[in-house]
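In terms of the working numbering, the sequence shown has 542 at position 95, counting the first letter as 1, and numbering is strictly consecutive. The beta carbon of each residue, even a glycine, is placed where N, CA and C say it ideally should be. A quick note: this is a predicted structure, and the numbers were derived from the prediction, not measured.
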Amino acid sequence: MKASPQGSRIDDEFQTKGAPMLTLHCPYCGTDADETDLHAGGQAHLKRYGPGSSDDQFEDYMFMRENPKGVHFERWRHVYGCGKWFLAARCTATLEVFGTYPAQTTEPPPDLRAKISAKRPGWTWGDFA
Ligand SMILES: [Zn+2]
């Protein structure tokens, strides 16, 4: 096994425990699902534009995505469980999960945003904070 030149703590954890597993709570069936039971669906809360929208708006909808190191809102499907889509707020750097909520929710719930603000003061994501 190749040793890391810096001997980072993460490398040490990977060697002794394996890669960390993301676990998300499915808001529909109520189970805590490991990432092997889930399928990632990309960024949540995309703003869709209808007929008559500009080329720039359509380009934003099709191609432009948030890619933060920190708080992120994502779509996930409990593919090897109830099969339903839901949304999750998590930190991309630490895998800390702030919460999950139904996919029909048009913006992050206020109580979830307050929870994130308590842990990550000053965070922003798209139009939300
Ligand atoms: Zn489920």
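Can you grab the Cα-Cα spacing for the pair D574 / A491, in whole Å? If I take the Cα positions, the gap works out to 12 Å.
Please give me, in chain order, every unbroken run of the beta strand (DSSP E) with length at least 3 that falls completely inside the stretch 485-510. As far as the stretch 485-510 is concerned, its whole beta strand (DSSP E) runs of at least 3 residues are 486-490.
Candidates K494, D507, C538, of which the one nearest L469 by Cα: Of K494, D507, C538, the residue nearest in Cα terms is C538.
Are R522 and G489 closer than 8 Å when you measure CB to CB? Yes, these two residues count as a Cβ contact at 8 Å.
I want to check one thing, is the minimum distance from the CB of Y430 to the heavy atoms of ligand 1 below 7 Å? It is not possible to answer for residue 430, since the shown part of the chain is limited to 448 through 576.
Starting from A535, follow the alpha helix (DSSP H) in both directions and report where the run begins and ends. Where A535 is concerned, there is no enclosing alpha helix (DSSP H), although the beta strand (DSSP E) it sits in stretches over 532-538.
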